[in-house]
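Residue numbers (our numbering), protein chains in the order written: chain A, 87 to 578; chain B, -1 to 92.
Beta carbons are placed, not taken as given, at the ideal position from N, Cα and C, and that holds for glycine.
Below: the structure, in structure tokens.
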Amino acid sequence: MTSLDLTTSSLRQLRESLDSKQISSVELAQFFVNRIKQFDPQLNSVITETADLALEQAEHADRRIANGDSSALLGIPILHKDIFCTKGVKTTCASKMLADFVSPYDATVVSALGNAGAITLGKTNMDEFAMGSSNETSYFGAVKNPWDLSRVPGGSSGGSASAVAAGLAPCATGTDTGGSIRQPAALCGITGLKPSYGRVSRYGMIAFASSMDQAGPMAKSAEDCASLMAAMAGHDPLDSTSARLAVPDYATEIQKPIAGLRIGIPEEIFDKQLSPEVGDTINAALRELESMGAVLVDVKLPSTPLGVSTYYVIAPAEASANLARYDGVRFGYRCEHPENLEDLYVRSRTEGFGEEVKRRILVGTFTLSAASYDQYFMKAQQVRRMIANEYDEVLADVDVIAGPSAPNTAFPLNDSSKSITDMYMEDVFTVGCNLAGLPAISVPAGLVDGLPVGMQLIGRAFDEATVLRIGHQFQMQTDWHTRTGGIEEFAS
Amino acid sequence: MSASTDVTPIAALAKLAISDQSYSQVKENFESTLQLFDELTQVDTAGIAPLVSPGDRHQTLRADTNETLVERAELMKNAPAQEHNYFAVPRVID
């Protein structure tokens, strides 16, 4: 074996250990399989473990390594959010509706990472159908934050964030419709990238809001995310919204210094919704970027405060249409002893969906109805255009826009003081990118009362390279991304 | 939006049932969400084209040719009920 600390190693360090035969892929996979068994009962970050599959894939990887193949992800273990279809493995989307669904095909993200040699450790917990910001809406129970087990990991990719933060896997996949990669990455002290809409294929990714859903990497650093993006990004003929654009060499791009890059700071972010302590932490991180030669520029995004209401019209509307497919007929949950077809539809959906999903379907059904369409849905799409135009105008003058990923640090589980709309406001800093289709990264930027804070960097469409580059260069100067939340302490 | 909405017809459109016990809570949550949208109605959007999807800029379509991505037998494995290799549902026509 090895003296390397596998729980904190970067993907590059793991690659070097595999190539130098310091460790085999089978040993590496077994290490993380064991770690999931040991720690996940306390975190609930994994819905389905695939130990046998992982070891089988790792044996194959070891044969490739023995033949001199040193592809970046070959033999590297990964967890997939349970929203990605995995052939022959349960794909539940954390819903009773799909609790027994076994996908007959792989999502393109899964097959791309598999072809790159990554080893599938299992499927991570999430908010049901990705609807939530706390990972408390999962049919399989809430996920806990390894920094403080009484707190949420964020959502919806909370299982992926919690697992990576706790060292149960070196990296994971996530999806982000309104902040579902960036907010849990921030709350768990890891790095997460939401790519531009169209950069990564959505084929085989269970749809929530199709005009905003996007898959991305979650890992310990921007460098690791860049490595994962090399496999995930690119045109896919099976997804008509996948962009036919060349993918830059992210590993090279992130090495460039950031001196002279212009970073826009929107005045609207430092408003009353932002915790003052989180604001101070972000300000300190911005000063760090300035000391590295970046130029901070005040900018205005006046429609930012409308982002949450716009998002919560559009996302449930699209969800209500996407989730119409779950009718108990072709796949998914079917109620017992239906009296007739209508009863089969209604009871299968009523019993199969959780409360938050039904709440959003109701709202979406209403805003798409003929009487409400212009007042809500059309209006929201017009405001969406305003928001996207503002980003375009600002990003014509600056290279990226920076700010917090979330207004607060991780909040307590079962926080009854938070109303449903309070919960929706957790997404205030993240939904804008989804509405506009822009890439954004969250990188650890400090701690408040022992809990991680994430800084968000938003880039121009399809310029993931610059947000990864700034994230990586920031992480070369700081060590926030190397901090862990004390997972070993609760092992005993 | 009226101050009070009957959510039962909306649920019926969505093929969902709301129990008597949960009705008041569902209605309250629904109405509080709609209140969140009130600020949108105040925005002047005259002359602004709706943005349906950022993907509209780069949508690419495949050739319109027939291909099998997943075999029928594989798809049918997830059927809750089937007869003669078709999805089975309760009798529709007596």
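Cβ-based burial, residue i [other Cβ within 10 Å; buried from 16]
i, result
"A/D478", "exposed"
"B/S0", "Bear in mind that a pLDDT of 44 at B/S0, under 50, signals an unreliable position, so the number given afterwards is only what the model happens to contain. Counting Cβ neighbours within 10 Å, B/S0 comes out exposed, since fewer than 16 surround it."
"A/T327", "buried"
"B/G45", "exposed"
"B/A47", "exposed"
"A/I169", "buried"
"A/H166", "buried"
"A/E579", "Residue 579 of chain A is absent from the model: chain A starts at 87 and stops at 578."
"A/Q209", "One point to set straight first is that residue 209 of chain A is Lys, not Gln, in the sequence displayed. So A/K209 ends up on the buried side."
"A/D126", "buried"
"B/R60", "exposed"
"A/N211", "buried"
"A/A152", "exposed"
"A/V480", "buried"
"B/I91", "exposed"
"A/Y191", "buried"
"A/A482", "exposed"
"A/D366", "exposed"
"A/G227", "exposed"
"B/L67", "exposed"
DSSP bridge partner residues for residue i (one or two, in chain order)
i, result
"A/V175", "A/T172"
"A/P490", "A/M541"
"A/A301", "A/T261"
"A/R348", "A/V381"
"A/T134", "A/K209"
"A/F560", "DSSP output for A/F560 lists no bridge partner at all."
"B/F85", "B/Q80"
"A/K279", "According to the sequence shown, residue 279 of chain A is Leu rather than Lys. DSSP, once it has assigned bridges, lists A/I527 as partnering A/L279."
"A/V286", "A/A319"
"A/M291", "A/F170"
"A/R237", "A/P498"
"A/N231", "A/D234"
DSSP three-state assignment for residue i, whether helix, strand or coil
i, result
"B/L38", "helix"
"A/F187", "coil"
"A/M472", "helix"
"A/V534", "strand"
"A/K73", "In the structure as shown, chain A starts at 87 and stops at 578, and residue 73 of chain A therefore has no counterpart that could be examined."
"A/K107", "coil"
"A/M511", "helix"
"A/N408", "helix"
"B/N64", "coil"
"A/N221", "coil"
"A/E437", "helix"
"A/H146", "helix"
"A/N426", "coil"
"A/C421", "coil"
"A/R245", "Reading the sequence as shown, one finds Gly at residue 245 of chain A and not Arg. If DSSP states are grouped into helix, strand and coil, A/G245 belongs with the helices."
Residues that residue i contacts on chain B, provided the C-beta gap is smaller than 7 Å
i, result
"A/V432", "K13, L14, A15"
"A/V415", "F85, V87"
"A/S287", "Here the premise fails: no neighbours, minimum Cβ distance about 12 Å."
"A/Q461", "T39"
"A/P424", "P88"
Per-residue contacts from residue i into chain A (C-beta, under 7 Å)
i, result
"B/T100", "The question about residue 100 of chain B has no answer, for chain B in this structure spans -1 to 92."
"B/I46", "Q468, R471, M472"
"B/E72", "P190"
Beta-carbon neighbours of residue i, restricted to chain A and to distances below 8 Å
i, result
"B/I8", "L448, T451, F452, S455"
"B/Q57", "S326, T327"
Contacts that residue i makes with chain B (C-beta to C-beta distance below 8 Å)
i, result
"A/P83", "Absent from the structure is residue 83 of chain A, since the part of chain A shown begins at 87 and ends at 578."
"A/R101", "Within chain B, no residue comes near A/R101; the closest Cβ sits about 33 Å away, beyond 8 Å."
"A/S505", "S30"
"A/P323", "T58, R60"
Closer than 9 Å at the beta carbon, the chain A residues around residue i
i, result
"B/S51", "Y283, S296, S297, M298, T327, G523"
"B/T63", "Per Cβ cutoff of 9 Å: no residues; B/T63 is ~12 Å from chain A at best."
Partner residues on chain B for residue i, Cβ-Cβ distance less than 9 Å
i, result
"A/F187", "N76"
"A/Y510", "T31, L34"
Residue i Cβ short of 7 Å to the ligand MG heavy atom set
i, result
"A/Q116", "Ligands are entirely absent from the displayed structure, and the ligand MG is therefore not among its contents."
Residues of the region 434 to 452 of chain A whose Cβ lies closer than 7 Å to any Cβ of chain B, in chain order: R435, T436, K444, R445, I447, L448, V449, T451, F452
So if I threshold CB-CB distances at 9 Å, which residues from the region 383 to 408 of chain A count as touching chain B? S389, P391, L392, V394, S395, T396, Y398, V399, P402, S406
Check distances from the C-beta atoms of the region 22 to 44 of chain B to those of chain A and list, in chain order, the residues that come in under 7 Å. N27, F28, S30, T31, L34, F35, E37, L38, T39, V41, T43
Chain B contacts from the region 543 to 555 of chain A (Cβ-Cβ distance under 7 Å): none
Got a sec: which bits of the region 218 to 241 of chain A sit with their beta carbon under 9 Å from any beta carbon on chain B, in order along the chain? none
Output needed in chain order: residues of the region 522 to 541 of chain A with a Cβ under 7 Å from some Cβ in chain B. A522, G523
Taking any Cβ of chain B, which residues in the region 257 to 283 of chain A have a Cβ under 9 Å from it, in chain order? S282, Y283
Report the residues of the region 155 to 184 of chain A with a CB closer than 7 Å to any CB of chain B, ordered along the chain. none
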